[in-house]
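Protein chains in written order, with the numbering used here: chain A, 5 to 120; chain E, 2 to 115.
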C-alpha cells in the first residue's frame, strides 16, 4: 500500500519554541492531507484539512495562528506548532489521501511532541 | 456535524473467543464506515470498511455489519489472537461536496489474553 512518512518521529522542546513536523507521501501524490492530534487513550481529533496550493481548513477550536499548515506540494505538508507550551504536548498524526476516495486515506506514523 | 459513539472503551477476551465492538452515528447522510487498528505508538491502519449500500462485509476473521435504519455498525473479530490486541477505531464519513472527512469514535482497547 501507499506509504506516508512523518519527521521527526519524536521531539522534545522548551516552552516558547516553535516545532515543525513534516508529512510526506512517498510513492503517491496526495491531493488532500489531514492533520490529527491524539491524546493518550483518546481518539483522533481532526485539526485541519489541507489541499495542495490552497489554505488549510481548520476545525472549530483549532487556532490557525498557532498551528500553521503549509501544503506546498502534492507530496509534502508541514505543521508548525508556534510558541509551543506544555499543553501542546501530544501525538500528532498526518494522513494523506489520493483523490476523493476515502479508502485511499493513509496515515503517517505520528510525531510525539513533548514540550517542557 | 457527525457524532460517532463507540462501545465498549475496553474489551478483554481470552484467546480464541470472539470480540464485538459497536458504533453508532448520527448523520443519516454518512455512507462510508471504516475501521482502523492502532497498535501502541503506531499509525492507524485500515482493516475493513463498509459502504451504506452493503449490510455486511467479511475478510477472514474480521467482519463488519451495518444497520442503516438504526444507524449503527459493528466490528466482529472471531478466533481472537494475542496479536489482535490493539486500539480499534470506527469512523463514519459522508461526501458533502465529495470531501469524505471521517469522524472517529473514541476507540476500543482490545486485550486478548493468551
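We put the beta carbon where it would ideally sit given N, CA and C, even for glycine.
(1) Classify residue 59(A): buried if its beta carbon has 16 or more other beta carbons within 10 angstroms, exposed otherwise.
(2) Give every residue of the same chain whose Cβ lies closer than 6 angstroms to the Cβ of residue 53(A), excluding the five residues on either side of it in the sequence, and list them in chain order.
(3) Quick check: residue 92(E) and residue 111(E), are their CB atoms within less than 8 angstroms of each other?
(4) With C-beta atoms as the reference, is residue 20(E) less than 8 angstroms away from residue 78(E)?
(5) Can you look up residue 90(A) in the DSSP assignment and give me helix, strand or coil?
(6) Can you give the Cα-Cα distance for residue 118(A) and residue 82(A), rounded to whole angstroms?
(7) Taking a cut of 9 angstroms between CB atoms, which residues from the segment 26–54 of chain E lie near chain C?
(8) Can you tell me whether residue 57(E) is helix, strand or coil according to DSSP?
(9) Using DSSP with H/G/I as helix, E/B as strand and the rest coil, what is residue 56(A)?
(10) Do residue 37(E) and residue 48(E) come within 8 angstroms of each other at the CB atom, strictly closer than that value?
(11) List, in chain order, every chain E residue whose beta-carbon is nearer than 7 angstroms to that of residue 97(A).
(12) Answer with yes or no whether the minimum CB distance from residue 105(E) to chain A is below 8 angstroms.
This is what the structure gives:
(1) exposed
(2) 38 and 61
(3) no
(4) yes
(5) helix
(6) 18 angstroms
(7) No chain C is part of this structure, whose protein chains are labelled A and E.
(8) strand
(9) coil
(10) yes
(11) 44
(12) yes
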